[in-house]
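Going by my numbering, 96 is the number at position 49 of the sequence shown; the sequence numbering is gapless.
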Amino acid sequence: MQVTVKRRENVDPEHAVIHVAHLRSDAEAYCRDYEHTSSRACIDREMGQSFPAQIEANCKTGSFTTLSGKKQDGLRRAGRRSPKT
Numbered sequence: 048m049q050v051t052v053k054r055r056e057n058v059d060p061e062h063a064v065i066h067v068a069h070l071r072s073d074a075e076a077y078c079r080d081y082e083h084t085s086s087r088a089c090i091d092r093e094m095g096q097s098f099p100a101q102i103e104a105n106c107k108t109g110s111f112t113t114l115s116g117k118k119q120d121g122l123r124r125a126g127r128r129s130p131k132t
């Protein structure tokens with residue numbers, strides 16, 4: 048799935064929020080680039096998927112919630128150190 052970022056809030060503190068939308072152009076790009084087809088069936092299937100309209104993250108710890116609702120912990124940008132406790 049491919050989505051478009053619509054708005055970001057509080058990027059880099061302990062509670063960042065990224066609002067996303069799934070546009071038809073996202074579905075077309077996903078089908079073309081990952082499924083190697085531009086069929087109406089693929090695009091319609093992608094457009095029919097539901098997901099949260101935002102993801103949330105704690106940029107200090109590297110934990111975040113994915114669009115599928117899973118929580119990922121401890122992922123960090125390369126070269127950044129974990130906060131001291």
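Note that CB positions come from ideal geometry on N, CA and C, so glycine has one too.
**Message:** Measuring straight from C-alpha to C-alpha, what distance separates M48 and K118?
**Reply:** By one-based count along the sequence shown, residue 48 stands at place 1. By one-based count along the sequence shown, residue 118 stands at place 71. Whole-angstrom Cα-Cα distance: 18 Å.
**Prompt:** With which residues is V67 paired in a DSSP beta bridge?
**Reply:** Counted from its first residue, the sequence shown places residue 67 at position 20. Paired residue(s): V52.
**Message:** Quick check: the Cα distance between Y81 and E75, rounded to an integer number of angstroms?
**Reply:** Taking the first residue of the sequence shown as position 1, residue 81 is located at position 34. Taking the first residue of the sequence shown as position 1, residue 75 is located at position 28. Roughly 10 Å between the two C-alpha positions.
**Residue from C78, D120, F111 whose Cα sits closest to the Cα of R92** = Translated into the one-based positions of the sequence shown, residue 92 becomes position 45. Per the Cα distances, C78.
**Request:** Measure the alpha-carbon distance for P99 versus H69 and round it to whole angstroms.
**Result:** Stepping through the sequence shown from its first residue, residue 99 is reached at position 52. Stepping through the sequence shown from its first residue, residue 69 is reached at position 22. So the two alpha carbons sit approximately 10 Å from each other.
**Item:** Selection from S110, A88, I90 that minimises the alpha carbon distance to A63
**Value:** Along the sequence shown, read from residue 1 onward, the residue named residue 63 stands at position 16. Considering only alpha carbons, the answer is S110.
**Item:** Where A88 falls, given that 16 or more other Cβ within 10 Å makes a residue buried
**Value:** Locating residue 88 in the sequence shown gives position 41, counting from the first residue. Within 10 angstroms of the beta-carbon of A88 lie fewer than 16 other beta-carbons, which makes it exposed.
**Prompt:** Are E61 and K107 closer than 8 Å when you measure CB to CB?
**Reply:** Walking along the sequence shown from the start, residue 61 turns up at place 14. Walking along the sequence shown from the start, residue 107 turns up at place 60. In contact: E61 and K107 (Cβ atoms closer than 8 Å).
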